[in-house]
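Quick note, the sequence shown lines up with residues 1 to 122 if you use UniProt numbering. No residue lacks a Cβ here, since even glycine has one placed at the ideal position from N, Cα and C. The model shown is predicted, which means the values in this text are computed figures rather than measured ones. Contents: one structure, followed by commentary.
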Amino acid sequence: MAKPKSLAATRIRAEVIRLVGLIPGGKFTTYGSIAIHMNVAALHVSSVMSRLTDEESKTLPWHRVVGADARISPKMNAELAVLQRKRLEQEGFHLDAQGYIQDADSHFHVVGLRRSIRWSDP
């Protein structure tokens, strides 16, 4: 039997999804920016993003979250990377052959300052 998710994991997942949903069109942010704002590791954010449900994938602008160097993650599944690139380009982003967003500073979405949150279960 699978171990039930902790309350902290559930809260982190919900907050990642909420923050991704707030990224405006024509802007992007990074796994690390979300992580810093939430006071968690970027791996937590990427883990949530890699496990989106089909419904979440259809409704969330997941394609607006990229690696720390403003690049589509080279670790991403190739089909998803192509889809992410296509969606970013449809929003007016210019990417080079390696998947780096050009003129990244003008498109970067600031998630916010680091929050002092304790995610652990009480």
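Let's see if you can read the secondary structure: which residues bound the alpha helix (DSSP H) around residue i?
i    : result
Q90  : A78 to Q90
H63  : Element bounds for H63: n/a, residue is neither H nor E.
V45  : A42 to S50
S106 : A104 to H107
Please report how far the alpha carbon of residue i lies from the alpha carbon of residue j, in whole angstroms.
i           : j   : result
residue 126 : G26 : The question about residue 126 has no answer here: the residues shown for the chain are numbered 1 through 122.
A87         : H63 : Looking at the sequence itself, residue 87 is Arg, so the reference to Ala does not match. Taking the straight line from one Cα to the other gives about 7 Å.
K75         : S46 : 11 Å
R13         : G67 : 18 Å
H107        : Q84 : 16 Å
Q98         : R71 : 8 Å
V48         : D54 : 13 Å
A41         : A35 : 5 Å
K58         : A81 : 15 Å
Going by C-alpha to C-alpha distance, which of the options sits closest to residue i?
i    : options          : result
H37  : D69, K5 and L19  : L19
P61  : H44, A8 and T30  : T30
G112 : S50, I23 and L7  : I23
R114 : E89, H94 and G32 : G32
### Query
Which whole runs of the beta strand (DSSP E) in the region 9-45 are 3 residues long or more, in chain order?
Within the region 9-45, not a single complete beta strand (DSSP E) segment reaches 3 residues in length.
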